[in-house]
Structures are given as structure tokens and as C-alpha cells.
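If you're matching positions, the sequence shown starts at 7 in our numbering and goes up one per residue.
Cβ coordinates follow ideal geometry from the N, Cα and C atoms, glycine included.
Okay, structure first, notes after.
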Amino acid sequence: MKDRIDIIQGDITTLTVDAIVNAANSGLLGGGGVDGAIHRAAGPELLIACREIGGCPTGEVRVTPAFHLPANYVFHGVGPIWQGGGAGEPGLLRACYRNALVEASNRQLSSIAFPAISCGVYGYPRHEAADIALSEVRQWLGGHEHPRKVVFVLFNQPMADLYEQLLASKCKKQTYFSDGC
Ligand code: APR
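As C-alpha cells, this is what we get:
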């Protein structure tokens, strides 16, 4: 499992993977943060493609080509806005990761890159969000061949360090109870 998860610090728009996941909003009309970076790098065709889709509910994912990005697809995932944890945010964030993995598996993609969905403008507590991201991906990879590789792309080093620490502790627990991570 460990060889199927990479954690890097960087800019998701530069990655040559099959699909990058966008932290989008339900209107799919672009914005700031990673959404803005992806739209700038992909070019104006991306917004046209998003307009044709017409929106996406929170927790779900819509797929477009990646146009001028090095990736082949953009998976527009809409994470929850943090409202204190009592409005179903954990389940919606989990669903966002899982639905992106379903789309990757349906296309038998070999690689997909995730940003830290909802951890910016949407204010999700980083530790909780990272824990959801890693456990959802690990659970999926434990039962599916595709995607072969999942890359978590964190914009700053403290966030990348958090993901590394959490992944290491999950692997340690699993090794204790089974034959490896
Ligand atoms: N590559 C990777 N990660 C990035 C990049 C980038 N180029 N730019 C920003 N990030 C990181 C942020 O540092 C944060 O940790 O992505 C994470 C998600 O932050 P946001 O982009 O603000 O996304 P989110 O919190 O899900 O809020 C979504 O913000 O930009 C708007 O249109 C978007 O309304 C939507 C909302």
C-alpha cells in the first residue's frame, strides 16, 4: 500500500498524472486557491466545459478534460464548508474523496493527485481533513486496482509533514495488526 501513496509539497497544476482533483465550489465557475490555479493553467476552455456541466452538489465530483494542464482530466470535487462539524461535513468530505476514486477506477486510471480539499477557504480543520483523506484513500486502495497511484499534493511543507505523520501512524497501527502497510 505504501508504494501506492505519495505525499509531496508543490503545485498540483504542474503534475503529469492522469487526473488532478480540483477543490471546486458547487457552481463550478472557478474561484481562488487551487480552483483558480487550475483554471489559470488549464485555460479558458475549462470554464466553458464547467459551464456546460452546470454545477455539482457538495460531496460529488464532475469530470472535464484538463486542456492545457499536463494532466489528462480534472476531477472537480466539491468539499464541504466547515460549519463546526455538525452539518455532515465529515461524510461529505469522505464522499468527495471516494467519488473521485470511483471516477478514476471507472476510467482505469493509473494516477490521480489530490489537494487538501476544504482546507483553505472552506476552513476545514486540517488534521481532521487529512485523516479523512488518508483513511478514505487507504480503504479504497485496499480493495481496488485502480488508481494505481494516489499523490497528495500539499501547497506548504507543514501540511505535507502533517500528512506524512498521519500516514506513518496509520501504517504503524496496521503493521501491528496485520502483515504490513
Ligand atoms: N496546488 C496544491 N494545493 C493548493 C494550490 C495548488 N496550486 N493552491 C492552493 N492549494 C491548497 C491550499 O493551501 C489548501 O490547503 O489547497 C487547499 C484547498 O484550499 P482552497 O483552494 O481554498 O479550497 P477549499 O478550501 O476546498 O475551498 C474551495 O475556494 O477557491 C475557492 O472556488 C473555490 O469556492 C471554492 C473554495
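{"Asked": "For Tyr103, the nearest candidate out of Asp41, Ala166 and Ala29 (CA to CA)", "Found": "Ala29"}
{"Asked": "Tyr103 CB to nearest heavy atom of the ligand APR below 7 Å", "Found": "no"}
{"Asked": "Nearest neighbour of Gly37, chosen from Gly126, Thr20, Cys177 and Gln163 [CA to CA]", "Found": "Gly126"}
{"Asked": "contact_flag[the region 103 to 120, the region 56 to 64] where n(CB pairs < 8 Å) is 3 or more", "Found": "no"}
{"Asked": "Limits of the alpha helix (DSSP H) - the one that His133 falls within", "Found": "Arg132 to Leu147"}
{"Asked": "Leu99 beta carbon less than 8 Å from that of Ile138", "Found": "yes"}
{"Asked": "Close beta carbons around Leu173, own chain, < 6 Å, minus the five adjacent residues each side", "Found": "Leu140"}
{"Asked": "Counterpart residues of Arg68 in DSSP-defined beta bridges", "Found": "His82"}
{"Asked": "Distance between beta carbons of Ile14 and Val159, contact taken as under 8 Å", "Found": "6 Å"}
{"Asked": "CB-CB length for Trp88 against Gly42, believed under 8 Å", "Found": "About 20 Å; that fails the 8 Å criterion."}
{"Asked": "Sub-8 Å separation of Val157 and Ala119 beta-carbons", "Found": "yes"}
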